[in-house]
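Going line by line, the protein sequences match chains X and C. Convert by adding 6 to the 1-based position in the first sequence; the result is the number in my numbering. Convert by adding 6 to the 1-based position in the second sequence; the result is the number in my numbering. Below is one structure, written out as structure tokens; comments come after it.
There are 2 protein chains.
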Amino acid sequence: MSAPDLLATRVRAINVGLAGFADPIRAHDASVVSLDWRPPAAGDRDLGLLAARLADDPDDPVGSVVAAANAEAAARLLGAHPALVDVQPAGEMIPALAGERLLLHSGPPIEWGRMCGPVQGAVIGAVLLEGWAATADDARALVDRGGVRFEPCHHHGAVGPMAGVVSPSMPVVVVENLAAGTRAYATLNEGLGKVLRFGAYDESVLERLRWIASTLGPALASVVRAGGAIDLKGITAQALQMGDEGHNRNVAATSLLTRTIAPTVVRAVDGATAEAVLTFLRGNDHFFLNLSMAACKSALDAAHGIPGSTIVTAMSRNGVDFGIRLSGTGDAWFTTPVGVPDGLFFPGYGPDDANPDLGDSSITETFGIGGFAMAAAPAIVRFVGGTPADAIAFTRLMWRITVARNTGYALPTLGFAGTPTGIDARRVVETGVAPVINTGIAHKEAGVGQIGAGIARAPLACFEAGLRALARTLDLEVAA
Amino acid sequence: MSAPDLLATRVRAINVGLAGFADPIRAHDASVVSLDWRPPAAGDRDLGLLAARLADDPDDPVGSVVAAANAEAAARLLGAHPALVDVQPAGEMIPALAGERLLLHSGPPIEWGRMCGPVQGAVIGAVLLEGWAATADDARALVDRGGVRFEPCHHHGAVGPMAGVVSPSMPVVVVENLAAGTRAYATLNEGLGKVLRFGAYDESVLERLRWIASTLGPALASVVRAGGAIDLKGITAQALQMGDEGHNRNVAATSLLTRTIAPTVVRAVDGATAEAVLTFLRGNDHFFLNLSMAACKSALDAAHGIPGSTIVTAMSRNGVDFGIRLSGTGDAWFTTPVGVPDGLFFPGYGPDDANPDLGDSSITETFGIGGFAMAAAPAIVRFVGGTPADAIAFTRLMWRITVARNTGYALPTLGFAGTPTGIDARRVVETGVAPVINTGIAHKEAGVGQIGAGIARAPLACFEAGLRALARTLDLEVAA
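Below is the structure:
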């Protein structure tokens, strides 16, 4: 085709249908733009009508309730100010753990028989740690005969990474959202390698957990007593300027926390303990993860329980099911089977070795950091896959399904815009844009540990079910 | 104009001359692209010919020497591996300081009478600190009558931020480039506010300097003895993934350093000293700056002194003159008067209060970090001005005037490309692209302190003079 031809009148088309429709036009050298358009609610007419019925509308009795409820939920999320106020044994902070043989786990409720390998391994480890059985075989027998009860961390104000198993003697961080008084708990991060949260329970794992209970937990409690509450919002906000996203990358926050508390560690505990604590913090780039999770939980709990609100207040996985909660639907979980994340595997491992997605750590994305703040963490793509441009694109995409931007957590590469905050189940359903979650990948067998990291997308079915349930709370008729 | 007209044959022009040439064409709604073209060497025919004469050329006796020399210089820069190996009083590490009343200062050589306010203030403070005079008046009188000699830090393997004054009792970090054995020195960073490097010398300043000499320096020396050399390349490389650029933003590197050494601090010194040292490190986000500077100096000194090399091995300012050195021109300085940086001022201050650009800290840009690595530090624009996009554009621009990319220092936002390394004076002269320098802005009066931060551009005249001198070393005839 000659240059004058190119400048002459020609066909230019926009294709809204199947990609193939454009091929004949392109075959004639004409220009075609393919619009990435999908019908609302994936073409589900009833769901589309429902989402429309719940749309913000000041003149409509339903639409005005939802709008006001979501505005309130967003305000509580934006106003949250988490701080570390104590470190204490879980049994002392969570009353249910003190009474009977109860263990907490990540994700929505699940019984022993359905638990995945890593969670079963962590359960056995916790039973051994608590001295409820002397051997792994005895522990398994005890659980098999119903000698241990299980409940989700989320039912007790707690969150746990991966298996998320919490037993009475484990120290937990006590994080208080100073703006609302809501408190959340998480265990102390064990580091990488053979650790309980990936289902390992050999003597080295139990020994580390005993040291955490006997030394690290009490030392950090002394630090908080001596130095006062530690501002976690400030650390996370600064870490987002330093390449962390608060879920899979925590090296900046861990370093800032260590630098913040180091002088107080020296003052508050004896020299040998101080050296041991600071050595542990030096060796664990992910130490801040559990604090980040508890901080997000303390914020989201303040936004939970607002009638009519379609804001998501929990997203979580137990390795079998993915579950969410909405602010306006109380304690109900909306669950669906969970898949294996798409990611990068450590040498020698692949998707066939991977456990389906696991852990409460997606509480960070629920709050608007983690995968939602990937634009802050271009270096993370070397861990979870993709390119720095993908990282920025994910954050932009999450703005489409959230109701607010939290400028308290600014994203430098996006002109210091705020993190996408307040996932609106309506927008997820209407747009079909699934929340993105940065996640570690566990081996499906207990105790092998982490074998990769990647990006998961929350399954849309949970949000559709949640939205239907929310509509019922507003006395709307909902198709089955 | 109707749509069919727009698609019909039309004038499309590229304008290479003055911008105004395009106006009449635009006035007729035609498309004009203005090419930002400048004649090589700013139209200076002799300089253009000289740069061409020095161009890489394997078949030319001159061009082959320059090409090989620059390849060797680049290889030494890329291979550099700086580590902190000791902390000792300057008088013990720099022999000249032990003999007589000599003070080192930043930038190229300058006599007392021409020094700017902040440098004169720092000199008075150093005289008081060393006990060479009892009052500021006595100190000034001593210097006025020639009782103190001055030499640049650079003449003694040292670098100093801002005034850069080094006196015998001040502890210096001893940074060794493990690849080449070159060593460089820098004092310990005092923090912000009233500090000697901005020309303050009241009792609070001297007291802090005495504490640094009596406590901080010896404690860090003990830490290095107890824990071994500290890998500064590793810390800087990681910090570039965490929003630092290694000059004006050092919070990540300072936090990583603190986290790295904290356990050893506890082991190596008594509890009170450990707490004091860790408290100081907690309060000074810029502590790593001086280590970063010494690390860059140790790398650049390994690339210095290669006959025929047009690579820049130092850029520095004394608040009056800007000076550079080239690898192939030995100890010669090429200087020109220095201006005030373009930047953001702290409340209450403006350009009229500012001292012209000052300090050896541009050694970081000379090595390829600092302003050259701004793409790593989008958050820095809140400190030095501009937008995150500008930060990325500056790094891209610096690639045009450098001979290599150092993938040991990867830039996440640019797809993990390496920092622009090895400033080639030929390219600076040919392109007219001046090296960019992130810098603090000092008040012009001694002791007021930092009043802003901004971006400076190295003056082109230094590079032109350097290139002419380099040509003479190759027996080329050079126009005056």
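All C-beta atoms in this analysis are idealised placements derived from N, C-alpha and C, irrespective of residue type, glycine included. All values derive from a computational prediction rather than experimental measurement.
### Task
Evaluate Glu106 (chain X) with the Cβ neighbour count: other Cβ atoms within 10 Å of its Cβ, from every protein chain shown; 16 or more gives buried, anything less gives exposed.
Looking up residue 106 (chain X) in the first sequence gives position 100. Result: exposed.
### Query
Any contact of the region 466-474 of chain X with the region 381-399 of chain X, i.e. 3+ C-beta pairs under 8 Å?
no
### Task
Compare the beta carbon distance of Asn444 (chain X) and Gly377 (chain X) with 8 Å and say whether it is the shorter of the two.
The residue given as residue 444 (chain X) occupies position 438 in the first sequence. The residue given as residue 377 (chain X) occupies position 371 in the first sequence. Result yes, Cβ atoms of Asn444 (chain X) and Gly377 (chain X) sit closer than 8 Å.
### Message
For His34 (chain X), count the other beta carbons within 10 Å of its own beta carbon; 16 or more makes it buried, fewer makes it exposed. Which is it?
### Response
Walking along the first sequence from the start, residue 34 (chain X) turns up at place 28. The residue is exposed, with fewer than 16 neighbouring Cβ atoms inside 10 Å.
### Query
Using a beta-carbon distance cut-off of less than 7 Å, what residues from the region 260-288 of chain X approach chain C?
Ser261, Leu262, Thr264, Arg265, Thr266, Ala268, Pro269, Val272, Arg273, Gly277, Ala280, Glu281, Leu284, Thr285, Leu287 and Arg288
### Query
Identify the residues that DSSP records as bridge partners of Met321 (chain X): which are they?
Counting from 1 along the first sequence, the entry for residue 321 (chain X) is found at position 315. The partner list for Met321 (chain X) (beta bridge, DSSP) reads X:Ile330.
### Query
In chain order, what residues of the same chain have a beta carbon less than 8 Å from the beta carbon of Glu436 (chain C), not counting five sequence neighbours either side?
Locating residue 436 (chain C) in the second sequence gives position 430, where the first residue counts as 1. Around Glu436 (chain C): Pro46, Ala47, Gly54 and Ala57.
### Message
For chain C, check one thing: does any of its Cβ atoms lie closer than 8 Å to the Cβ of Ala227 (chain X)?
### Response
As a working note, residue 227 (chain X) is residue 221 in the first sequence. Not an interface residue.
#### Entry: Same chain, Cβ closer than 6 Å to Cys302 (chain C), five either side skipped, listed in chain order
The residue you call residue 302 (chain C) lines up with position 296 of the second sequence. Around Cys302 (chain C): Ile369, Thr370 and Phe373.
### Task
Take Asn296 (chain C) as the anchor and find which of C:Thr341, C:Ala28, C:Val181 and C:Ile386 has the nearest alpha-carbon.
To locate residue 296 (chain C), count along the second sequence from 1; it is residue 290. With distances taken between Cα atoms, Asn296 (chain C) lies closest to C:Val181.
### Task
Determine the direct distance from the alpha carbon of Thr264 (chain X) to that of Leu226 (chain X), and round the result to whole angstroms.
Here residue 226 (chain X) refers to the residue found at position 220 of the first sequence. Here residue 264 (chain X) refers to the residue found at position 258 of the first sequence. Answer to the nearest angstrom: the Cα atoms are 11 Å apart.
### Query
So, is the C-beta of Ser8 (chain C) closer than 8 Å to a C-beta in chain X?
For this step, residue 8 (chain C) is matched to residue 2 along the second sequence. A caution first: Ser8 (chain C) carries a pLDDT of 46, below 50, which makes its placement in the model too unreliable to give a value.
### Task
Express the C-alpha separation of Gly424 (chain C) and Ala397 (chain C) in angstroms, rounding to a whole number.
Here residue 397 (chain C) refers to the residue found at position 391 of the second sequence. Here residue 424 (chain C) refers to the residue found at position 418 of the second sequence. Using only the alpha carbons, I get a separation of about 15 Å.
### Query
Since Glu157 (chain X) sits in a beta bridge, which residues does DSSP pair it with?
Locating residue 157 (chain X) in the first sequence gives position 151, where the first residue counts as 1. Answer is X:Leu110.
### Query
Are the Cβ atoms of Asp327 (chain X) and Pro343 (chain X) separated by less than 8 Å?
Counting from one through the first sequence, the residue named residue 327 (chain X) turns up at place 321. Counting from one through the first sequence, the residue named residue 343 (chain X) turns up at place 337. Going by C-beta atoms, Asp327 (chain X) is nearer than 8 Å to Pro343 (chain X).
### Message
Using C-beta distances below 6 Å, list every residue in its chain close to His449 (chain C), excluding the 5 sequence neighbours before and after it, in chain order.
### Response
By one-based count along the second sequence, residue 449 (chain C) stands at place 443. Excluding sequence neighbours, His449 (chain C) sits near Asp359 and Ile457.
### Query
Counting only beta-carbon atoms, is Thr419 (chain X) nearer than 8 Å to chain C?
Along the first sequence, one-based indexing puts residue 419 (chain X) at 413. Cβ-Cβ to chain C under 8 Å: yes for Thr419 (chain X).
### Task
Quick one: which residues of the region 405-430 of chain C get their C-beta closer than 7 Å to a C-beta of chain X? List them in chain order.
Pro418, Thr419 and Gly421
### Task
Mind listing the chain X neighbours of Pro384 (chain C)? Cutoff is C-beta to C-beta under 7 Å, in chain order.
Locating residue 384 (chain C) in the second sequence gives position 378, counting from the first residue. Simply Pro418 and Thr419.
### Task
Check whether the Cβ of Met248 (chain X) lies closer than 8 Å to any Cβ atom in chain C.
Here residue 248 (chain X) is taken as the residue at index 242 of the first sequence, counted from 1. Yes, contact with chain C.
### Task
Figure out for me which residue from X:Pro384, X:Ile375, X:Phe27 and X:Ala145 has the closest Cα to the Cα of Thr427 (chain X).
For the purposes of this step, residue 427 (chain X) is identified with residue 421 of the first sequence, where counting begins at 1. Nearest of X:Pro384, X:Ile375, X:Phe27 and X:Ala145 to Thr427 (chain X), Cα basis: X:Ile375.
### Message
For the beta strand (DSSP E) containing Asp348 (chain C), name the first residue and the last one.
### Response
What you label residue 348 (chain C) is simply residue 342 of the second sequence in a count that begins at 1. Here the beta strand (DSSP E) through Asp348 (chain C) covers Asp348 to Phe351.
### Opposing strand residues paired with Ser37 (chain C) [DSSP bridges]
Counted from its first residue, the second sequence places residue 37 (chain C) at position 31. In DSSP, Ser37 (chain C) forms a bridge with C:Arg18.
### Task
Examine the Cβ distances between the region 396-410 of chain C and the region 263-277 of chain C and report whether three or more of them are shorter than 8 Å.
no
### Task
If I'm right that Ala128 (chain X) touches Leu202 (chain X) with Cβ under 8 Å, what's the distance once you round it to whole angstroms?
Here residue 128 (chain X) refers to the residue found at position 122 of the first sequence. Here residue 202 (chain X) refers to the residue found at position 196 of the first sequence. With 8 Å as the limit, Ala128 (chain X) and Leu202 (chain X) qualify as a contact, their Cβ atoms being about 5 Å apart.
### Task
Tell whether a beta-carbon distance below 8 Å holds between Ala186 (chain X) and Leu90 (chain X).
The residue labelled residue 186 (chain X) in the question sits at position 180 within the first sequence. The residue labelled residue 90 (chain X) in the question sits at position 84 within the first sequence. No, the pair does not count as a contact, with Cβ atoms beyond the cut-off.
### Message
So the candidates are C:Asn256, C:Val211 and C:Asp366; which of them puts its Cα closest to the Cα of Val165 (chain C)?
### Response
Along the second sequence, read from residue 1 onward, the residue named residue 165 (chain C) stands at position 159. Nearest of C:Asn256, C:Val211 and C:Asp366 to Val165 (chain C), Cα basis: C:Asp366.
### Task
State the DSSP-derived secondary structure class of Thr408 (chain X), mapped to helix, strand or coil.
The residue you call residue 408 (chain X) lines up with position 402 of the first sequence. Reduced to three states, the DSSP call for Thr408 (chain X) is strand.
### Query
Residue ranges of each beta strand (DSSP E) run of no fewer than 3 residues wholly in the region 415-481 of chain X, ordered along the chain?
423-429, 442-448 and 456-463
### Message
Count Cβ pairs between the region 196-210 of chain C and the region 300-314 of chain C that sit closer than 8 Å; are there 3 or more?
### Response
no
### Query
Which of the three DSSP states, helix, strand or coil, is assigned to Ala360 (chain C)?
Indexing the second sequence from 1 puts residue 360 (chain C) at position 354. Of the three classes helix, strand and coil, the one that applies to Ala360 (chain C) here is strand, per DSSP.
### Task
Look at the alpha carbon of Val154 (chain X) and the alpha carbon of Gly289 (chain X), and state the distance between them as a whole number of angstroms.
Reading the first sequence from its first residue, position 148 is the one you call residue 154 (chain X). Reading the first sequence from its first residue, position 283 is the one you call residue 289 (chain X). If you take the alpha carbons of Val154 (chain X) and Gly289 (chain X), they lie about 34 Å apart.
### Task
Check Pro224 (chain C) in the structure and name its three-state DSSP category.
In the second sequence, the residue the question calls residue 224 (chain C) occupies position 218. Note: Pro224 (chain C) maps to helix in three-state DSSP.
### Query
Just how far apart, CA to CA, sit Asp250 (chain X) and Gly325 (chain X)?
The residue labelled residue 250 (chain X) in the question sits at position 244 within the first sequence. The residue labelled residue 325 (chain X) in the question sits at position 319 within the first sequence. Looking at the two C-alpha atoms, the distance is approximately 25 Å.
### Query
Nearest chain C C-beta to Thr242 (chain X) closer than 8 Å, yes or no?
Position 236 of the first sequence, counted from the first residue, corresponds to residue 242 (chain X). Not an interface residue.
### Query
Do Val172 (chain X) and Leu109 (chain X) have their C-beta atoms within less than 8 Å of each other?
Taking the first residue of the first sequence as position 1, residue 172 (chain X) is located at position 166. Taking the first residue of the first sequence as position 1, residue 109 (chain X) is located at position 103. Yes; because the gap between Cβ atoms is below 8 Å, this pair is in contact.
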